[in-house]
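Line by line, the protein sequences give chains A, B, C, D and E.
Start counting the first sequence at 39; every next residue gets the next number (this note's numbering).
Start counting the second sequence at 63; every next residue gets the next number (this note's numbering).
Start counting the third sequence at 25; every next residue gets the next number (this note's numbering).
Start counting the fourth sequence at 364; every next residue gets the next number (this note's numbering).
Start counting the fifth sequence at 2; every next residue gets the next number (this note's numbering).
Here a beta-carbon is modelled for each residue, glycine too, at the ideal position from N, C-alpha and C.
Notes to accompany the following structure.
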Amino acid sequence: MQESTFSVIPLLAVLLPWASLLAILAFPKRAERLRLWLCFLGSLATFGVVLSLLPGVLDGNTYTIKLASVVESLEMRLTVDTLGYYFALVVAFLWMLATVYSMSYIDHKHNRFFAFMAMCESFMLGCAFSANMFTYFIFYEMMTFGSYPLIIHEETTMARRAGYKYLVYAIAAGTVLFFAIVAHYFWGDGQLGFGSYGVLSLEFASRAALMTVFFTYLAGFGVKAAIMPLHGWVPDAHPAAPSPASALLSGVILKAGAFGIIRVCFNVFGADLLRELEVYVVMASLACITIVVASVFALTQDNLKRRLAYSSIGQVSYIILGLAMLAHDGALGGVMHLAHHALMKGCLFLCAGVILVKTGKKNISEMAGIGYQLPITMICFSVAALAMMGTPPSVGFVTKWLLGSGSLQAGLPVYIVVLLASALLNAAYFLPIIYIAFFRWEGDEVDEHGERHHPKLVFGKEADHKLVVPVVVLAALVVIVGIWSNVPGFPYSLVSKVVNVIFP
Amino acid sequence: MKKVVALLFIVALAVLLLYVVANMPPMGDPENPTATHVISRYLERAEEETHTENVVTGVILNYRGYDTMGEVTVIFCALAGVLAVLGRERRGVIHAFVDRSEVPSSVIVKTMVRFVVPFIILFSVYTILHGETSPGGGFQGGAIIGGSMIIFTTIFGLYESSRRIPLKVRASLEGAAVMGFFLVGALGLLGGGNFLTYAWPRVARSLQPSLVVWLTVLVEVGVGLGGAMVLISILFAMIREEEEIAPAP
Amino acid sequence: MRLLHNYHYAAAMVLFCVGLYTVIVRRNIIKKLIGLNIMETSVFFFFVSLGYLDGGIAPIHAGAADPARMVNPIPQALILTGIVVAVSVTALALSMVILLYRQYGTLDVDRLMREEEPEAAEGGKEE
Amino acid sequence: MGTALNLVLILLLLATALLAVNARDLLAAVIIFSVYSLIMALMWQRLQAPDLALTEAAVGAGVTTVLFVITIFKTRRREEE
Amino acid sequence: MGAWRHFPIFMITLPLLGAVLLPFLGYARERWVPYAALLPLGTSTLLGLLLMGRIPADGFLSYHLGGWEPPFGIEIRLDYVGLFLMLVVCGITFLALVYSRRYIGKEVSGGQRTAYYVLYLLLSGAMLGFVATGDIFNLFVFMEILALSSYALVAITGNRNPVRAAFKYILMGAPSSIMVLLAVGFLYSATGTLNMADLARRIAESGYTEVLIVSYILLVVGFGVKAALFPLHMWLPDAHSIAPSPISALLSGLLVEVCAFALVRITFSVFTLRSSDLVMGTADAVGVAAVAAVLYGGIMAILQKDLKMMIAYSTVSHVGYIFLGITAFTAEGLTGAMYHMLDHGLAKACLFLCAGNFIYLKGYRRIEDLKGAWSQMPWTCFAFALASLSVIGIPPTAGFISKWYLILGNVKGGKWLYAVVLLAGSILAAVYCLRVIYYMFFQAGKEGAWEESWRDAPPAMLAPVWTLSLATLFFGIFSSLLIPSLLKAAAYLL
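Here's what the structure looks like:
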């Protein structure tokens, strides 16, 4: 990579969330509201700090700071490059919204939830800014364990079981990943850093060795990224966790796995080496299977959050599929989908949270007529759901378009079939929700003449603003980003820089 | 079953060890590694370097004095362990804990023991002090003192013998062996040498021989007294009976 | 035949094995300790034989003793330490035996290890 | 002559060791063990190690035996079935 | 040629001297004994720290006791690795001693308390001497002090189970000591010397191959028992779980490692790699045993119901880690083993002391009893969690760093299978540690198990626990303080 300037800002961004942790510890229990606002300020400040790097990153600068070194080639280092910055921006933004949302949503054990929220944000930013696989792994593992308390926050039996499952998957994955890193270190000539065109090559190691490294990485990150045989924890964890946590799980934490795979593909192996090793075939087939099968599973779910979780499994595989195309547009679409999906799925989960808070309903079949009770929420939900299907003008459409174009570039139109199938299935499981919410209502409203009426459309009495505002912001962004994707700071402006380098 | 396995294992071990023995240097051969490598220095120069005619004593106290320091620490440790496990009579309440019954034995035996024990002790003092020139030394002398106290205790009982060597004396002398080594070691440091240096570099050469002799005697006496007291204390601790938890055989 | 020449060593090894066998197989803990002592003395015996020199004399400079004929003093010095260590271990082990017998009323190692909970009756068990 | 005596002593050592290990009476076993120690002391004297012979006689045959005897008096004399 | 040359001998003798003097204080002022016992250990720690910069990573300090040059006299031969371990020993013994005052005050009856501190100091001093010595017979002598004091300390309460466990320990420990002595005899017969450096030279020239091989095997078995290497570990779970908690911490966190270190010295400094074909076969066997230890210890730990028993079995597993690092025969592997000695010492000591806190306050030993412990004893529980993370090997704790090097070392040595076993071991560790953490933090306690008042252990017990657990974190984050030198020292040893 090009020479980078020393800067404390990455470290500052990673450390700022801890400030809200300190605030929680420092202020007495009585100042509950003050503490919550301080937490929000903390995440806002973090977002601000991340944002402050934007002009520099757009100019192509990278910033770096060394934390500690184990031995010369093995060090903890934070570096802001374009790709990492892109991920960090998504993280910080979504986290800020989730924090606002949680201030109203979380009703017990605030301290624990917010403390671990802040910790996880810090670790996620650490992941985004990691300069090498070693640092990435360390932050990744800490994030894994830090997110456990978020999942089991409700402490119901279901939550505990989900948490247990999560831990089992995460620990096994961590171990595999650890092995991958050791193998990488060993065969990569002691280099764990990220290079613009990859660092491994067949000069140092045999084909089989590199394949081993790649597949252990894929298996290790694949658990978080919920590639199909490894997805088991996802559908349990999402419904069990509180909604802001589910939004983060789906929007960001799953992406940490996907981001790891992106790093592995772009910066460790490099496109040429992947093409040479022919591993992309496996990646693509796994991704296709996941996309289709997960959508089918989603159809069968009645629990809203569970359906959304299965949808997430499928959607994250879009990223993998995009990478596996090894073509400019495919990669562009895949990586951009990381942010797109975060916006859409974040919005959907937060909507599910609002529904849960206001009506206590979890299952789709109970939601008849809910669109009249919660119009704003459900409109936002519909916007995001339509985007998921790929309706223009929305981010979902951008992704699908780019992926389709990528598959043509790669010369494999079969992917288009998969994409279309997925879009249809998405429609099949999202449209019924919208339909039920707006066009079916239960017989409660039967008047004295025996006629059924619409429930009244009630605006302005929805829910706490802290719940509604993030939902609306996300829904708006789903459209805005879809239309003006090239605004500085929006995905296209950042991702295209990276992809243009790799696929000129 | 377990026995058979153990037996097989032991037989295998024995065969292995005997095989090794068959491949060892022949015993008593002056060409052995043991007889050729380091040893001549000890045999030829021990007398002038350590001022002990008995080379073994020279090796124990001087060349390998650090080992012997470890050795006396081991036995001190054993005493601490025995006392930790079995407990010890406490100061002031000694009589309550000690079995006062006299062992019935004839006057002849008693008189004999009364008569013999001082001589045994005298012999042990000789053994201690002449460790440099003849077989024996601190620990052997200490063990002999211990043995004499055993005889005394078997005849006169614990009460009598613990009156002869009261707790106060034992307690203050038990560490004597280790302390002797530490004292000599520290003095060696003060004298400008390393730990446990007997011939202090800071002292005139002409004085060194007598210095070494005196220090050796100091250590010998320490080891003798300390060893004796430790053995006696262990003995007393094991004999001591606490009636309320006596076994029901 | 080296083995026959080294019969001291061989005897020490046999004694070592006898001791080890006793420690492993005998169930009585005092027997085990006797076995332990046999093991120890056998190793001491081995050491002393190592230092022996054909036609040697004790390493004491008495009169006009010839240093070249003296046996090796090092093993002797080591073994002196060894003996003290052995008696220390024995003393500590025996004191524990006394305590164990007070508490479990048995010297049989199998019964000792079989007894389960500390809440079980204090004092002796019927044999 | 010397070898013969050594051999006899070694045979005695082995015999006493086996006897000590196999005696049903623990007290007898301990006494036989003390005999074993004494023979060992003799052996060492013959191997020109007088210091050790003295020590073994005093410690091995003396102190150790006494410790064993005390223990046996405090516990039981016969092996259990 | 400054005064610092004498520091090692002071580090060793001060605790021993303290042990001898302590009974006098015990008769005069028993209350002061716990404080006085801190003095020699604190001084030793200080001296060790002062010495740290003086010994280069690829050199050693040779100290001739009594002024006799090495093959004739006894030598203290302290290299970087040895000093590192001595400091670990000093630090952990000091902290566990701080912890002891309250704990022992409750568990051990009055008359035995002084004896406890005497034995404790003897154990600490012996470990220090054991690590530092450069003479193989001296190694045996210090091992005996070590062994005797640990036997007695296990039995110190004089209750039924502790004495039985201690006796079991003796029955395995004493024959193993004799085996070591026999091995020393064989080595001496083949080389005519006892000094380790001299032995290395003479072994390389010696023609008595069979004698050398058997003596190596005997040494491995002898130290293997003390280090509780897999088939020889039977004494460990009982002794470590039943001993008073600070002693468990010492035995599990240090004693086992110190004995493993003796094997490191013997393998690399005595039977140097020049004669490696002698030892390779045995080393392979040790590797297999270590694999078995990792898996067996981990599985047994999962099956335990008693908290301390679980931690003890975890030690069996982690001894396997250390030995896998040693048998990798690479600098990275050895570095991993040494660093694992540090982090395992810290983490295990911390876990045992935490378990001690539960026993001290509530008498709870079973894992099930710890349900909901978090609500009443948060400090203890958090320290426990942190140390567990290090046991599992999760970044950024020290456990991660050591595991990294252990695996890397095995990979570099071409032993992929062992690397996989190490990973499997950490999965097992995750299972048994997280179970306890789960009970502590996320399960409701039984009715009446935890009284309403918020009462954690007293500060004098929490301070050592927290120091230890934070140290695992510290050495995980700032591993660069030690790792480069350790790598260099390991390369030098090889």
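Taking a cut-off of 8 Å for Cβ pairs, the region 112–132 of chain B and the region 132–142 of chain E touch, as three or more such pairs fall below it. B:V73 sits exposed, since fewer than 16 C-beta atoms from the chains shown fall within 10 Å of its C-beta. Per DSSP, A:Y186 is one residue of the alpha helix (DSSP H) stretching across 171–189. In this structure, the beta-carbon distance from E:G326 to E:G446 does not fall below 8 Å. Counting the other CB atoms within 10 Å of its CB gives E:V289 a total below 16, which places it among the exposed residues. The criterion of a C-beta distance shorter than 8 Å is not satisfied by E:I218 and E:T268.
By the C-beta density criterion, D:F396 is buried, having at least 16 other C-beta atoms within 10 angstroms. When only Cα atoms are considered, B:R267 and C:G87 end up about 26 Å apart. The bridge partners DSSP lists for A:T117 are A:T102. The DSSP-derived three-state label of E:M235 is coil. Rounded to the nearest whole angstrom, the CA to CA distance from B:G198 to D:L417 is 7 Å.
Per DSSP, the continuous alpha helix (DSSP H) segment holding E:L140 begins and ends at 137–155. DSSP, reduced to helix, strand and coil, places B:F244 within a helical segment of the structure shown. Taking 8 Å as the CB threshold, D:D414 lines the interface with chain B. Residue burial annotation: A:R71 is exposed, with fewer than 16 other C-beta atoms found within 10 angstroms of its C-beta. The three-state reading of DSSP puts A:D310 in helix, counting H, G and I together. Listed by position along chain A, the residues whose Cβ is nearer than 8 Å to that of E:L120 form an empty set, because the closest Cβ is around 39 Å away. In summary, E:D59 is exposed, with fewer than 16 beta-carbon neighbours lying within 10 Å of its beta-carbon over all protein chains present. Taking 8 Å as the cut-off, the beta carbon of B:A299 is found closer than this to the beta carbon of B:V144.
Residues of chain C with a Cβ closer than 8 Å to the Cβ of E:L50 do not exist, since the nearest Cβ in that chain sits about 32 Å away. DSSP places B:M89 outside both helix and strand once states are collapsed to three, so it counts as coil.
In this structure, the beta-carbon distance from A:I103 to A:L49 falls below 8 Å. E:H65: member of the beta strand (DSSP E) spanning 61–65, first to last residue. Across the region 71–89 of chain C, CB contacts with chain D closer than 7 Å involve V72, S73, Y76, G80, I81, A82, in sequence order along the chain. Within chain C, not a single residue places a beta-carbon under 7 Å from that of E:V422; the smallest gap is close to 30 Å.
In this structure, DSSP gives C:I62 a helical state, which the three-state scheme calls helix. Residue burial annotation: B:T98 is exposed, with fewer than 16 other C-beta atoms found within 10 angstroms of its C-beta. The beta carbon of A:K535 is closer than 6 Å to those of T120 in its chain, skipping five residues each way along the sequence. Residues of the same chain with a CB within less than 6 Å of the CB of B:M86, apart from the 5 flanking positions on each side, do not exist. B:M174 places its beta carbon 8 Å or farther from that of B:I294. In its chain, beyond the 5 residues on either side, A302, Q305, I368, Y433 have a beta carbon closer than 7 Å to the beta carbon of E:M311. In the structure shown, E:R202 falls within a helical segment according to DSSP collapsed to helix, strand and coil. Annotation: the continuous beta strand (DSSP E) that includes E:R78 extends over 76–80. Interface with chain D (8 Å Cβ-Cβ cutoff): B:A233 is excluded.
The beta-carbon of B:M174 is placed no less than 8 Å from the nearest beta-carbon of chain E. Assignment of beta-bridge partners to A:G231 by DSSP yields A:N170.
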